[in-house]
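Engineer:
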Amino acid sequence: MIKQQAKVVKCNDTTVWLEAERQSTCSACKLKQGCGTGLLENHVGKRFSQISVNKTSEVNIGQEVNVGIPEESLLQGALLMYILPLVLLFVLSATAKALGFNESVEIIAGISGLLLGFYWVRERLKNNKDNFQARIIED
């Protein structure tokens with residue numbers, strides 16, 4: 212389970228809105244002074260993200276809570292979002308080439324595969340939203 216601390220900023224009967232500080236690996240890196248990403252992080256300052264989670268326990272505004280998401284959900288979501296559309300791009304493009312179509316049809320088939328992949332991922336995530344959502348966890 213990947214965990215992070217967040218602060219409750221708003222809540223109602225079913226949803227809790229949390230504000231979590233965005234974390235990068237720059238704080239643990241030894242090359243922080245000579246790296247462009249580390250220097251940019253110093254100038255931008257702390258950045259926060261607001262997320263909403265289902266209310267499973269009683270919380271108060273201003274309370275610090277732990278938020279978690281299972282690693283397998285994160286990996287499955289990343290695989291769906293990044294790999295599947297690219298695979299469909301290559302498969303449809305290669306299919307068009309194998310069928311002897313010209314280059315412009317191959318390009319259109321590849322772009323169609325990419326868009327089809329993004330659409331399929333969007334529908335899958337919309338129908339399976341609970342599996343990919345962060346939760347307030349007790350320690």
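Those letters in the sequence shown? Residues 212 to 350, by the numbering used here. Note that the Cβ used here is the ideal one computed from N, Cα and C, for glycine as well.
What is the residue span of the beta strand (DSSP E) that phenylalanine 259 lies within?
Structural biologist: Bounds of the beta strand (DSSP E) holding phenylalanine 259 are 259-265.
Engineer: Can you name the start and end residues of the beta strand (DSSP E) that asparagine 287 belongs to?
Structural biologist: Correcting the residue identity first, residue 287 is glutamine in this sequence and not asparagine. Premise fails: glutamine 287 lies in the alpha helix (DSSP H), 282-289, not in any beta strand (DSSP E).
Engineer: Looking at arginine 335 and asparagine 203, is the spacing between their C-beta atoms short of 9 Å?
Structural biologist: Within the shown structure, residues of the chain are numbered from 212 to 350, placing residue 203 beyond reach of any answer.
Engineer: Mind the definition here: the segment 295-303 touches the segment 219-235 only if three or more C-beta pairs lie below 8 Å; say whether that holds.
Structural biologist: No, the segment 295-303 does not touch the segment 219-235.
Engineer: Figure out for me which residue from Ser263, Ser323, Ala309 has the closest Cα to the Cα of threonine 225.
Structural biologist: Ser263
Engineer: Name the DSSP beta bridge partners of isoleucine 347, please?
Structural biologist: Val278
Engineer: Along the alpha helix (DSSP H) that carries isoleucine 319, what are the first and last residues, could you check?
Structural biologist: 314-338
Engineer: Which partner residues of lysine 221 appear in the DSSP bridge assignment?
Structural biologist: Trp228
Engineer: I'd like the list of long-range same chain contacts for phenylalanine 329, defined as Cβ closer than 7 Å, with 5 residues on each side in sequence excluded.
Structural biologist: Pro296
Engineer: Apply the 10 Å Cβ neighbour rule to leucine 326 and answer buried if 16 or more other Cβ atoms are within range, or exposed otherwise.
Structural biologist: exposed
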